[in-house]
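Residue numbers (UniProt numbering): 1 to 133. Right, one structure below, let's go through it.
Printed below as a string of structure tokens:
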């Protein structure tokens, strides 16, 4: 009597295939998480840059002749949570207007927007501009 070979998968082959597939899927899920973090970080960075530019324009439009003594950390109210779409993102704005150490006729305007990243680290964007008296 001849022994016939069965055509199919053994139990060990099925377990190995399932393990390899599971490891691959876990790696793919990790890539989605990293992609989400990158997109969220870029979105917040873009919003922070817009908030900083807006505040810089407000400060640059002020008359510098009325600033005496220099202004540091001007009252900005509660931490800024304004966003074009109305979301609250916990952004904090601070700014200062100081005389330039190099030229008494120039003012240094500094605007800083900070926020907490996904992992709790402090992120910030700082803009500086010079303006004559």
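Using N, Cα and C, we set each Cβ at its ideal position, and we do this for glycine too.
Cβ-based neighbour list, residue i, same chain, cut-off 6 Å, excluding 5 preceding and 5 following
i           : result
residue 125 : 48, 49, 52 and 113
residue 63  : none
Simplified DSSP assignment, three categories, for residue i
i           : result
residue 129 : strand
residue 87  : Per-residue confidence for residue 87 stands at a pLDDT of 49, beneath the threshold of 50, marking its modelled position as unreliable; no derived number is given.
residue 98  : strand
residue 64  : helix
residue 181 : For the chain, the structure presents residues 1 to 133; residue 181 sits outside this window and is missing.
Cβ-based burial, residue i [other Cβ within 10 Å; buried from 16]
i           : result
residue 105 : exposed
residue 97  : buried
residue 7   : exposed
residue 59  : buried
Close-in-space but distant-in-sequence residues of the same chain around residue i (CB under 8 Å, 5 per side omitted)
i           : result
residue 25  : none
residue 116 : 90, 122 and 123
Proximal residues to residue i (C-beta, below 7 Å), its chain only, five neighbours per side dropped
i          : result
residue 56 : 109, 111, 127 and 129
residue 37 : 118
residue 10 : none
Proximity of residue i and residue j at Cβ, strictly below 8 Å
i           : j           : result
residue 54  : residue 118 : no
residue 107 : residue 131 : yes
Residue i Cβ short of 7 Å to the ligand ATP heavy atom set
i           : result
residue 132 : Ligands are entirely absent from the displayed structure, and the ligand ATP is therefore not among its contents.
Alpha helix (DSSP H) runs wholly inside the stretch 30-62, at least 4 long, in chain order: none
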